[in-house]
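S.K.: Provided herewith is a single structure, encoded as structure tokens, for subsequent inquiry.
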Amino acid sequence: MRYGFDFGDFEITKREILASISIIAVMILFGILISSKISEHQMDKNEIYNKAVKIESQEMFQYGMDTNVGNAFVYGDLKAVDAVTYPEISGEYMYVEKVKERYTMHTRQVAHTRTVNGKSQTYYTTETYWTWDRVGSENIKCKEVSFCGVNFTSNKINLPGTDYIDTIKESSHVRYKYYGVGTEYKGTIFTDLRDKTISDNTSFYNNSTIDETIERLESDFPIIIFWFFWVILIGGMVFGFYYLDNRWLD
314 MRYGFDFGDF EITKREILAS ISIIAVMILF GILISSKISE HQMDKNEIYN
364 KAVKIESQEM FQYGMDTNVG NAFVYGDLKA VDAVTYPEIS GEYMYVEKVK
414 ERYTMHTRQV AHTRTVNGKS QTYYTTETYW TWDRVGSENI KCKEVSFCGV
464 NFTSNKINLP GTDYIDTIKE SSHVRYKYYG VGTEYKGTIF TDLRDKTISD
514 NTSFYNNSTI DETIERLESD FPIIIFWFFW VILIGGMVFG FYYLDNRWLD
């Protein structure tokens with residue numbers, strides 16, 4: 314006789330419970346090993362952040378680039394030098410994306426239930442619906458930006474995210490949506506000051522002081538995210554184990 318708990322679709326025996334405890338223990342052990350590696354990596358990065366120079370003036374910023382000071386947090390204004398726009402919209406921007414959308418008809422099968430001769434029967438009908446679908450896009454970007462009073466090519470710094478600007482209809486079935494990045498922001502960059510410039514693809518932390526940026530970068534969020542998904546994985550494995558017909562445990 315199999316002793317356990319009956320849940321209708323499947324039954325959990327006491328031996329399966331004991332086996333699942335072993336699975337959980339092994340997975341937790343692997344999780345601890347992986348999270349320790351993540352922690353070590355984060356600690357190495359934190360050491361780099363803590364040793365980085367903190368700069369808040371144009372003079373020190375330029376001096377750091379001229380003397381190869383290395384890793385640095387720099388706080389200042391990010392501005393477009395040669396702002397861009399499309400003639401059909403108002404305002405100027407560092408970057409503008411123009412998205413073309415077409416109002417398109419789609420069909421889908423919809424399930425229905427009816428009773429025939431006392432029996433339930435499923436049948437399908439075709440339903441028509443319309444959506445605005447993205448069919449293309451183009452963008453323009455300023456060639457130069459200024460950060461902390463020093464000019465760089467715009468590709469040197471990762472610009473802030475775009476905001477919605479406007480929607481302009483070309484016809485009843487075609488429209489254009491515009492998204493852009495403004496011309497001026499204040500925030501912090503973390504970069505390598507070397508060879509009279511900054512590193513490529515430098516991250517810009519909008520509306521963040523140097524201390525706020527360091528706190529954000531030194532967060533334990535990666536470990537929290539890892540354990541969140543790891544626990545879900547363990548739960549899925551245990552449920553799958555219970556669902557199997559584990560007669561080999563009898």
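Residue numbers (the working numbering): 314 to 563.
We put the beta carbon where it would ideally sit given N, CA and C, even for glycine.
State the Cα-Cα distance for the pair residue 360 and residue 538, rounded to the nearest angstrom.
M.R.: Approximately 22 angstroms between the Cα atoms of the pair.
S.K.: Between which two residues does the beta strand (DSSP E) containing residue 406 stretch?
M.R.: Note, residue 406: premise wrong, no beta strand (DSSP E); not H, not E.
S.K.: Which same chain residues end up closer than 6 angstroms to residue 482 when comparing Cβ atoms and leaving out the 5 residues on each side of it in sequence?
M.R.: So the list reads 488, once near-sequence residues are dropped.
S.K.: Leaving aside the five residues before and after residue 402 along the sequence, list all residues of the same chain whose C-beta is less than 7 angstroms from its C-beta, in chain order.
M.R.: Excluding positions up to five away in sequence, the list reads 478, 479 and 491.
S.K.: Helix, strand or coil: how does DSSP classify residue 327 here?
M.R.: Looking at residue 327 - three-state DSSP - the assignment turns out to be helix.
S.K.: Residue range of the alpha helix (DSSP H) that residue 528 falls in?
M.R.: Taken as a continuous stretch (DSSP letters only), the alpha helix (DSSP H) holding residue 528 covers 523-530.
S.K.: With distance defined between alpha-carbon atoms, name the residue in 366, 486 and 375 nearest to residue 418.
M.R.: Selected option, being the one with the closest Cα: 486.
S.K.: With a threshold of 16 other CB atoms inside 10 Å of the CB of residue 500, please say whether the residue is buried or exposed.
M.R.: Buried, by the Cβ-count rule.
S.K.: Quick check on this structure: which residue in 541, 410 and 554 has the alpha carbon closest to the alpha carbon of residue 474?
M.R.: When only C-alpha atoms are compared, the closest one is 410.
S.K.: Counting along the chain, where does the beta strand (DSSP E) carrying residue 442 start and finish?
M.R.: Looking at the DSSP string, the run of the beta strand (DSSP E) that includes residue 442 is 432-454.
S.K.: Determine the extent of the beta strand (DSSP E) in which residue 369 is found, giving its start and end residues.
M.R.: From DSSP, residue 369 is part of no beta strand (DSSP E); its letter is neither H nor E.
S.K.: Out of 389, 413 and 445, point me to the one whose CA is closest to residue 452's CA.
M.R.: With distances taken between Cα atoms, residue 452 lies closest to 413.
S.K.: Would you tell me roughly how many angstroms separate the C-alpha atoms of residue 540 and residue 449, rounded to the nearest one?
M.R.: Residue 540 and residue 449: Cα-Cα distance of roughly 39 angstroms.
S.K.: Between residue 508 and residue 381, is the Cβ-Cβ spacing less than 9 angstroms?
M.R.: Yes. Within cutoff.
S.K.: Tell me where the beta strand (DSSP E) around residue 385 begins and ends.
M.R.: First-last of the beta strand (DSSP E) with residue 385: 383-393.
S.K.: For residue 548, count neighbouring Cβ atoms within 10 angstroms of its own Cβ and tell me buried if that reaches 16, exposed if not.
M.R.: The residue is exposed, with fewer than 16 neighbouring Cβ atoms inside 10 Å.
S.K.: Per the contact definition of three or more C-beta pairs closer than 8 angstroms, is the segment 369-386 in contact with the segment 506-525?
M.R.: Contact holds: three or more Cβ-Cβ distances are below 8 angstroms.
S.K.: Measuring CB to CB, does residue 460 end up less than 9 angstroms from residue 513?
M.R.: In this structure, residue 513 does not lie closer than 9 angstroms to residue 460 by Cβ.
S.K.: What is the DSSP secondary structure of residue 414, counted as helix, strand or coil?
M.R.: In the structure shown, residue 414 sits in a strand (DSSP, three-state: E or B).
S.K.: By how many angstroms is the C-alpha of residue 471 removed from the C-alpha of residue 406?
M.R.: Whole-angstrom Cα-Cα distance: 15 angstroms.
S.K.: Measuring from the CB of residue 535, is there a heavy atom of the ligand ZN at a distance below 8 angstroms?
M.R.: This structure lacks the ligand ZN; in fact it carries no ligand of any kind.
S.K.: Work out the CA separation of residue 430 and residue 570 for me, nearest whole Å.
M.R.: No answer is possible for residue 570: the residues shown for the chain start at 314 and end at 563.
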